[in-house]
Amino acid sequence: MLSEPASTAFAMSRADFNKDPFLSYSRSLHDYTLRLWTESRRVAEEKARNKAARRDVEDASRWRKQPESCSPQSHRSTTHD
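Be aware that the sequence shown starts at 1, since it is given in full-length UniProt numbering, and climbs by one per residue.
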């Protein structure tokens, strides 16, 4: 009962919305901008993931290529008394 006037009011405003060219343009522009922003974020996140993966691979290969003299155990400090 109480929801009927609200839904009717919404339907009327929706019809008015579709008639008003400025509101229609505004909504279209908003939707377009949102799609561009979403795509931009997706590309940026994909680049960041690829960069992190590439860095992990480089770090792993660098770690395997280190000569024995450069290993962390060989850099232990020794104190001379």
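A virtual CB, placed ideally from N, CA and C, is assigned to each residue, including glycine.
Helix, strand or coil at residue i according to DSSP, with G and I counted as helix
| i | result |
| --- | --- |
| ASP20 | coil |
| MET1 | Residue confidence for MET1 is low, a pLDDT of 44 falling below 50, so the modelled location carries little weight; the figure read from the coordinates is stated next. DSSP places MET1 in coil when its eight states are reduced to three. |
Interface flag, residue i vs chain B, CB-CB below 8 Å
| i | result |
| --- | --- |
| ARG35 | Of the protein chains in this structure there is only one, and it is not chain B. |
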